[in-house]
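Chains as they are written, first to last, in my numbering: chain A, 13 to 368; chain B, 2 to 324.
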């Protein structure tokens, strides 16, 4: 965790400022507790804790080797039962996380989709683009984790042509703190391998403790991205989650597959994918929509990520579509009105097809 | 013939039907090498041999299965390298796809998901895929590395082709075993409860209920029809959103995709969301009150009527015919 924070600091991002806020809260709460302490002995211990935590936390911001002092202060708090929440935040038990939620812009789920006959890629102009519904569960889960880990940040990350910014904006209106859009003409036609390469580089660039994404996209439905990102980032894969909890530096996930359910856990940083219906994604409030306008949004090009354009795009894809055809309409169809014999007629049909 | 690596699924000490389908397809493009990770037994070996696995590689190190993803990927990457496999076949389940994805990154190789057929050509292995919920059929191949292919269940009927296999225990598992800390650990597992019915993706018959079912308790009618047909029960999103049936049974764009021999849609209008999950079923029967319901565009046999009278009659008739 210290390493992560140090890295964030190097990029002059939020955590340093957030830690300062936390330190101020510690100071205030500890001082209040000290003043309210019923006897002198206890008051003295609390005052000592204030000094330790303050010193430790400030040092923590700039230096990763002083956690012990912070923890000494925090454990004093813990013993006395004051300022526990804030203390835990600094001790790392309630973690300040940088959560990256990946979102993909896809053709509206309710629309017909087709391949562009020219290059066999998804014809994105043929249908309205929307934020992938399965990714809204990831954004919601990221926001919930942020809310239960005060001081955490949610960054939404997307890759795609210019209109994909609309999906990122949607996530900002839901409550994400900042948006990062990887956009580059060379990306057109990228396969899953190239996409995972770009996203992994972008995630490292942004800095992260936790990556959250939907278990698959509703257009390609490959269901490989979370696993690919874990492999590329070299971090644990805690995927197919129907429940996610972060406790200190550990993420616990209820993993659901056709084989059943498994309780799994991993150390942060990690990649989590969430299943549909893990939560109920919030609708953006009016306040959220207004606030989104002033939230930081940045774009990243391949050059900024240090990726050679020859590694991505249609020409670099490791798979190629030879041909595609619209599925022909089904053969002979029979439609009958139920005249009291509907069930019998179905049974006759099934028997004629040797399905009974 | 060239080796084709097949990842074996062993559930409750027996080989799953999806694996038998993979072996059947693998034989079309080469010589199947079955990779069994955990749970190998003489029964498992016997079944794999009966379906044509000329080589069976076993890795019974418990550590491999105790982490998510990486252990299996390590083994498969080794097998591909050691045997110069021309393809890797896995089941198109959520886990199968995850393993395929990691393996593709590890080997920098093309990954093709949801294949329904495979063929050997002069340009290497070509797969047929059904995309956009079955509305489009695509032929594709890998242009880099060994093709890593996940195959949708029920794509092919398993065919026996007995061989005398070579069985080897994979050695060097200590090199393949995984550092804890960098991987998610499995703390406990709870097997899925099937209620005696076949799994939704594996079932050869699926009976599904939608908005027209009307209430949670009315789903017992759908279940009853499913049981006389030894079918799995599915539901439309309207039904699962209403809380009438568990979300895990949702067939559609954002739920499960099924491709059974027979799909019976009861009280389902057939919005594109639903069709995307079932339109590759071989035979589709639909019952709906609304003659204009889009489900009838797909149905080989449709009845315009009330499912609450049609289904009981159908159940009765099936019972009669089955004696």
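Note that the Cβ used here is the ideal one computed from N, Cα and C, for glycine as well. Since the model is a prediction, treat every value here as computed from it, not as a measurement.
Interface flag, residue i vs chain A, CB-CB below 9 Å
i: residue 131(B); result: yes
i: residue 63(B); result: no
i: residue 1(B); result: The structure shown does not extend to residue 1(B), since chain B is modelled only from 2 to 324, so the question has no answer here.
i: residue 30(B); result: no
i: residue 206(B); result: yes
i: residue 94(B); result: yes
i: residue 26(B); result: no
i: residue 115(B); result: yes
i: residue 84(B); result: no
i: residue 189(B); result: yes
i: residue 109(B); result: yes
i: residue 225(B); result: no
i: residue 112(B); result: yes
i: residue 146(B); result: yes
Contact list for residue i against chain A, beta-carbon separation under 8 Å
i: residue 313(B); result: 355
i: residue 306(B); result: 349, 350, 354
i: residue 309(B); result: What residue 309(B) touches in chain A: nothing, since even the nearest Cβ is about 11 Å away.
i: residue 38(B); result: Within 8 Å Cβ-Cβ: nothing; residue 38(B) doesn't reach chain A, min ~13 Å.
Chain B contact residues for residue i, given Cβ-Cβ distances below 8 Å
i: residue 113(A); result: The contacting residues do not exist; residue 113(A) stays about 18 Å from chain B at best.
i: residue 298(A); result: Ordered by position in chain B, no residue passes the 8 Å Cβ test against residue 298(A), which lies about 26 Å from the chain.
i: residue 229(A); result: Those within 8 Å of residue 229(A) in chain B number zero; the least Cβ separation is about 10 Å.
i: residue 205(A); result: 105, 106, 109, 111, 112
Top-ranked residue by Cα proximity to residue i, from the options
i: residue 206(A); options: 135(B), 320(B), 5(B), 105(B); result: 105(B)
i: residue 219(A); options: 333(A), 169(A), 337(A); result: 169(A)
i: residue 193(B); options: 339(A), 269(A), 347(A); result: 269(A)
i: residue 107(B); options: 306(A), 244(A), 349(A), 211(A); result: 244(A)
i: residue 237(A); options: 209(A), 221(A), 217(A); result: 209(A)
i: residue 273(A); options: 265(A), 279(A), 173(A); result: 265(A)
i: residue 383(A); options: 348(A), 354(A), 318(A), 346(A); result: Given a span of 13 to 368 for chain A in the structure shown, any question on residue 383(A) remains unanswerable.
i: residue 191(B); options: 286(A), 261(A), 159(A), 267(A); result: 267(A)
i: residue 221(A); options: 154(A), 116(A), 356(A); result: 154(A)
i: residue 75(B); options: 121(B), 151(B), 8(B); result: 8(B)
i: residue 26(B); options: 157(B), 294(B), 304(B); result: 157(B)
i: residue 235(B); options: 135(B), 225(B), 250(B), 130(B); result: 250(B)
i: residue 147(A); options: 133(A), 339(A), 182(A); result: 182(A)
i: residue 15(B); options: 43(B), 151(B), 265(B), 65(B); result: 43(B)
i: residue 50(B); options: 64(B), 71(B), 28(B), 70(B); result: 28(B)
i: residue 340(A); options: 299(B), 308(B), 316(B), 303(B); result: 299(B)
Per DSSP, cross-strand counterpart(s) of residue i
i: residue 114(B); result: According to DSSP, which records beta bridges pairwise, residue 114(B) is partnered with nothing at all.
i: residue 91(B); result: 151(B)
i: residue 169(B); result: 58(B)
Residue i - DSSP class collapsed to helix/strand/coil
i: residue 274(A); result: strand
i: residue 76(B); result: helix
i: residue 320(A); result: coil
i: residue 269(B); result: coil
i: residue 255(A); result: strand
i: residue 4(B); result: strand
i: residue 229(B); result: helix
i: residue 287(A); result: coil
i: residue 82(A); result: Caution applies to residue 82(A), whose pLDDT of 47 falls short of 50 and renders its modelled position unreliable; the value that the coordinates give is listed next. In the structure shown, residue 82(A) sits in a helix (DSSP, three-state: H, G or I).
i: residue 97(B); result: helix
i: residue 264(B); result: strand
is_contact[residue i, chain B] using C-beta, thresh 9 Å
i: residue 208(A); result: yes
i: residue 165(A); result: no
i: residue 116(A); result: no
i: residue 333(A); result: yes
i: residue 17(A); result: Per-residue confidence for residue 17(A) stands at a pLDDT of 38, beneath the threshold of 50, marking its modelled position as unreliable; the derived number appears in the next sentence. Not an interface residue.
i: residue 275(A); result: yes
i: residue 171(A); result: no
i: residue 70(A); result: In this prediction, residue 70(A) scores a pLDDT of 47, lower than 50, which makes its location untrustworthy; no coordinate-derived value is stated.
i: residue 104(A); result: At residue 104(A) the pLDDT is 46, less than 50, meaning the model places this residue with poor confidence and gives no usable figure here.
i: residue 358(A); result: yes
i: residue 289(A); result: yes
i: residue 189(A); result: no
i: residue 370(A); result: Residue 370(A) falls outside the range modelled here, since chain A spans only 13 to 368, and no answer is possible.
i: residue 174(A); result: no
i: residue 151(A); result: no
i: residue 270(A); result: yes
i: residue 286(A); result: no
Chain B residues whose Cβ lies nearer than 9 Å to that of residue i
i: residue 145(A); result: 254, 255
i: residue 248(A); result: 68, 69, 70, 71, 182, 183, 184, 185, 186
Within chain A, partners of residue i - CB distance below 7 Å
i: residue 284(B); result: 365, 367
Interface partners of residue i on chain E, CB under 9 Å
i: residue 136(B); result: No chain E appears in the structure shown, which is made up of the protein chains A and B.
Proximal chain B residues relative to residue i, where beta-carbon distance stays under 7 Å
i: residue 234(A); result: 98, 114
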